[in-house]
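Accompanying notes for the structure given below.
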Amino acid sequence: MRPVSESSVSEGRTKPPKPFTEATLLAAMEHASRYVEDKDLKAALDDDESHSGGIGTPATRADVIEKLVHAGYMERKGKQLHSTEAGRTLVDVVSPRLRDVSLTADMERSLGDVEHGGAHADAVYEEFRGYARAIPADAAANVKAERVGQSGGKTESYGRCPRCGGNVVKRGKTWTCSTNRNEKQADGTWKRTDGCGYRIFPTIAGKTLTDAQVRKVLGGQAVLVKGFTSKSGKKFDARLVADKERGVAFDFGK
């Protein structure tokens, strides 16, 4: 090991990125793939054979900016574009997935699959519909979480809904998709009026699930749970996996 004969520390200051102008923001929208690391998703965004490439089209990009300004989410300061407080709040409450340009890339790839016969149009439509339906529900859940957090409580997401892509939250003792809305009927029963309907009941085959187990299941893991009780009264162990139709399902694979 060589001895260090001399060292020095220099003080510097990092500079924040320059604010967008309309020209640089339009360029960033057109070349959005520079913000994506995955090679396949980059290619899907850059593909200008099936679409114009990037986010939006040459005919719609400028209009998107105008709509953001008109809605109060962005403002002009000279030639520069700046987010407003309302715009920054919107960014804070929407799903991180929606803020990620890779979502657009993923959607473009799905559309390309439909065009080339690799996916069914109805399935892709339902996938996109699930994304759209989750947007206001996720935002509302995040706003509620912020308000509850300020009062000392908390509302958190346990993972993504395997049915529609929304957040799964806990209401009472049940884990349910944040898109679900229920109304009390005249006979005292509750009826779902909106949402995808996905939920995980707290007790499966006599075994009460924990938050940690549900979080792992929704994260894509097969979680070993011991002590289930069969209908005949026998104890058994099994792995639980997420199931978009039943909430969770047993996996007896080795």
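Position in the sequence shown (from 1) plus 4 gives the number in this note's numbering.
Note that beta-carbon positions come from the ideal geometry of N, C-alpha and C, so glycine has one too.
Residue range of the alpha helix (DSSP H) that includes Glu26 | Run containing Glu26: Glu26 to Glu34, per the alpha helix (DSSP H) assignment.
Under a Cβ-count criterion, where at least 16 other Cβ atoms within 10 Å of its own Cβ denotes burial, should Phe24 be classed as buried or exposed?
-> Answer is buried; the Cβ neighbour count reaches 16.
Hey, quick one: how far does the beta strand (DSSP E) through Gly251 stretch, first residue to last?
-> Per DSSP, Gly251 belongs to the beta strand (DSSP E) from Gly251 to Asp255.
According to DSSP, is Asp241 helix, strand or coil?
-> Reduced to three states, the DSSP call for Asp241 is strand.
Based on the DSSP output, what are the partners of Leu222 in its beta bridges?
-> Here Leu222 is not bridged, per DSSP, to any residue.
What do you get for Pro140, buried or exposed, if any count of 16 or more other CB atoms within 10 angstroms of its CB means buried?
-> By the neighbour-count rule (16 or more Cβ atoms within 10 Å), Pro140 is not buried but exposed.
Residue range of the alpha helix (DSSP H) that includes His86 = Taken as a continuous stretch (DSSP letters only), His86 belongs to no alpha helix (DSSP H), being part of the beta strand (DSSP E) at Gln84 to Ser87.
Go through its chain and collect everything with a Cβ distance to Leu222's Cβ below 7 Å, but skip five positions before and after it.
-> If the five residues before and after Leu222 are omitted, its C-beta is found closer than 7 Å to the C-beta atoms of Tyr162, Gly163, Arg164, Val172 and Ala246, all from its own chain and listed in chain order.
For Phe232, the three-state DSSP class (helix, strand or coil) = Strand, per DSSP.
Between the beta-carbon of Asp241 and the beta-carbon of Leu228, is there less than 9 Å?
-> Taking 9 Å as the Cβ cut-off, Asp241 and Leu228 qualify as a contacting pair.
Cα-Cα, which of Gly210, Leu102, His120 and His35 is closest to Phe132?
-> It is Leu102 whose Cα lies nearest to the Cα of Phe132.
Name the residue from Leu244, Glu249 and Lys248 whose alpha carbon lies nearest to the alpha carbon of Asp255.
-> Looking from the CA of Asp255, the closest CA among Leu244, Glu249 and Lys248 belongs to Leu244.
Please check the pair Phe205 and Gly170, which I expect to be a contact at CB under 8 Å, by giving their CB distance rounded to whole angstroms.
-> Under the criterion of beta carbons closer than 8 Å, Phe205 and Gly170 do not qualify as touching, at roughly 18 Å.
Below 9 Å between beta carbons: does that hold for Ile69 and Leu85?
-> Contact flag set, yes.
Best match in Lys81, Pro62 and Ala36 for proximity to Lys22 [C-alpha to C-alpha] | Cα-wise, what sits closest to Lys22 is Lys81.
So, using beta-carbon positions, are Tyr77 and Ala90 closer together than 9 Å?
-> Closer than 9 Å, so yes.
Give every residue of the same chain whose Cβ lies closer than 8 Å to the Cβ of Thr207, excluding the five residues on either side of it in the sequence, and list them in chain order.
-> By the criterion of a C-beta distance shorter than 8 Å, Thr207 is surrounded in its chain by Leu213, once the five residues flanking it on both sides are discounted.
Determine, using beta carbons only, whether Arg185 and Arg167 come nearer to each other than 9 Å.
-> Contact flag unset, no.
Residue range of the beta strand (DSSP E) that includes Lys81 = Where Lys81 is concerned, the enclosing beta strand (DSSP E) starts and stops at Met78 to Lys81.
Whose CA, out of Ala138, Leu30, Ala253 and Asp44, lies closest to the CA of Ala209?
-> The option with the nearest alpha carbon to Ala209 is Ala253.
Do Glu112 and Ala31 have their C-beta atoms closer together than 9 Å?
-> For Glu112 and Ala31, no; Cβs fall outside 9 Å.
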